[in-house]
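A short worksheet on the structure shown next.
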Amino acid sequence: MERHQSWSGFPHVLSASQFSADEITRIFERADSYRLDHHVGRHLDTLRGRIVGCAFFENSTRTFTSFDAAALRLGAQVVELPGMVQYSSVAKGETLEDTVRTLECYMDAIVMRHPETGAAKRAAAVMHKPLINAGDGTGEHPTQALLDLYTIRHRFPNEKAIKIVMLGDMKNGRTIHSLSRLLCTSMPGSEVHFVSPASLGIPSKLFLKLSENGLRCTDHPNEDFVPLLRDAHVLYVTRVQAERMKSEKEIRAARAMYCVTPKSLKKASPHLAVMHPFPRVTELSPDVDRDPRAAYFEQIQNGLYVRMALLSLALSR
Ligand code: CP
Numbered sequence: 022m023e024r025h026q027s028w029s030g031f032p033h034v035l036s037a038s039q040f041s042a043d044e045i046t047r048i049f050e051r052a053d054s055y056r057l058d059h060h061v062g063r064h065l066d067t068l069r070g071r072i073v074g075c076a077f078f079e080n081s082t083r084t085f086t087s088f089d090a091a092a093l094r095l096g097a098q099v100v101e102l103p104g105m106v107q108y109s110s111v112a113k114g115e116t117l118e119d120t121v122r123t124l125e126c127y128m129d130a131i132v133m134r135h136p137e138t139g140a141a142k143r144a145a146a147v148m149h150k151p152l153i154n155a156g157d158g159t160g161e162h163p164t165q166a167l168l169d170l171y172t173i174r175h176r177f178p179n180e181k182a183i184k185i186v187m188l189g190d191m192k193n194g195r196t197i198h199s200l201s202r203l204l205c206t207s208m209p210g211s212e213v214h215f216v217s218p219a220s221l222g223i224p225s226k227l228f229l230k231l232s233e234n235g236l237r238c239t240d241h242p243n244e245d246f247v248p249l250l251r252d253a254h255v256l257y258v259t260r261v262q263a264e265r266m267k268s269e270k271e272i273r274a275a276r277a278m279y280c281v282t283p284k285s286l287k288k289a290s291p292h293l294a295v296m297h298p299f300p301r302v303t304e305l306s307p308d309v310d311r312d313p314r315a316a317y318f319e320q321i322q323n324g325l326y327v328r329m330a331l332l333s334l335a336l337s338r
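This note's numbering applies: residue 22 is where the sequence shown begins, and numbers increase by one.
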């Protein structure tokens, strides 16, 4: 398993594959404690005097605001940089390396989202302070994977392995890539079904790697997801990543191929957890929100606790 050690001692968070089972447990125990603090309204100042930078080169609602809120709830201050492409010197041609080396002169940790796959690794290679990958292109979204797994563990506390149906854009969906990688470590033996439009299938290299690393993977191009839900623990839905596709026609065709509605869930397991990293577009009907099996707002809430845990581990040295 590849390790990503920063020069200051704490590992950068770059890939879901970097975490050992013990590290995942440590992060989740800390997240549980922050969850409790949040419920009782306890004020924390674990990170008082520390400054976190949120540098986003791509749009975000949840990841940006939850990292921002997580830092504030731990008593840190935040430098918010949501429009790096338009408003920073990136617009004048500054390199990613020069940008992050500049930002770390002023801050204690950087949370970065970038449209280029591999950008987090590139940035971390020149940094002295912790870098947290908040999503890089079609590559990875490791903190989303952690909050997804945290939600799965809360829904299924006694399961060592699960049956999960991944539905949507398997090719470009970085949350799918990261969650699958995390399942290799945390729930080996899990059954993972990738259901997608044929043009948006799971990359074969990743499929092979996941299969070699303990998951029982099956690919279902252009297949109906409904029959798979009868005995599934999780349905993990993702949108078509339109911003990574060139043709409007292809986007429309892919979107038309799947949509989760109350009817799709009629014969599904009563214990199913319907998950989605959000934003949702056309692939998941808001009519499902009233179903107790909908777990996506739980995911959003859990993102706060998991990101508090990650920031505190990165910075409370
Ligand atoms: N899940 C997720 O990454 O959402 P945002 O793009 O809104 O951050």
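Think of the CB as a built atom: it goes at the ideal place given N, C-alpha and C, for glycine as much as any other residue.
Practice task
Report whether the distance from the Cβ of residue 83 to the nearest heavy atom of the ligand CP is below 6 Å.
Solution key: Placement of the Cβ of residue 83 at a distance of less than 6 Å from at least one heavy atom of the ligand CP is found.
Handout entry: Stretch-stretch touch, CB-based, cutoff 8 Å, three pairs: the stretch 69-76 with the stretch 166-182
Key = The stretch 69-76 vs the stretch 166-182: no contact.
Handout entry: CA-to-CA distance, residue 264 to residue 221, given in whole angstroms
Key = 14 Å
Practice task
Could you name the residues of the same chain whose beta carbon sits closer than 6 Å to that of residue 285, not counting the 5 residues immediately before and after it, in chain order?
Solution key: 247
Problem - The alpha helix (DSSP H) enclosing residue 171, as first and last residue numbers - result: 163-176
Problem - Exposure of residue 361, with buried meaning 16 or more beta-carbon neighbours within 10 Å - result: Here the chain has residues from 22 to 338 only, and residue 361 is not among them.
Problem - Chain-order list of residues whose beta-carbon lies under 6 Å from that of residue 193 (same chain, five-residue window excluded) - result: So the list reads 159, 262, 265, once near-sequence residues are dropped.
Exercise for the section: Measuring alpha carbon to alpha carbon, tell me which of 51, 115, 82 ends up nearest residue 167. Expected result: 51
Exercise for the section: In angstroms with no decimal places, state the Cα-to-Cα distance between residue 347 and residue 293. Expected result: Residue 347 falls outside the range modelled here, since the chain spans only 22 to 338, and no answer is possible.
Exercise for the section: Helix, strand or coil for residue 22, going by three-state DSSP, please let me know. Expected result: Because the pLDDT at residue 22 is just 38, under 50, the model does not fix this residue reliably, and the point stays unresolved.
Problem - Reference residue 314, options 172, 225, 199, closest by Cα - result: 172
Practice task
Mind the definition here: the stretch 295-306 touches the stretch 132-147 only if three or more C-beta pairs lie below 8 Å; say whether that holds.
Solution key: no
Handout entry: DSSP beta-bridge partners of residue 98
Key = Note: residue 98 sits in a beta bridge opposite 72.
Handout entry: Per DSSP, cross-strand counterpart(s) of residue 239
Key = 214
Exercise for the section: Starting from the C-beta of residue 28, find all residues in its chain whose C-beta is less than 6 Å away, skip the five residues before and the five after it, and write them out in chain order. Expected result: Confidence is the limiting factor: at residue 28 the pLDDT is only 38, short of 50, which leaves the residue's position unreliable, though a coordinate-based value still follows. Closer than 6 Å at Cβ, skipping near neighbours: 149.
Handout entry: the ligand ZN heavy atom lying under 6 Å from the CB of residue 298
Key = This structure lacks the ligand ZN; the ligands present are the ligand CP.
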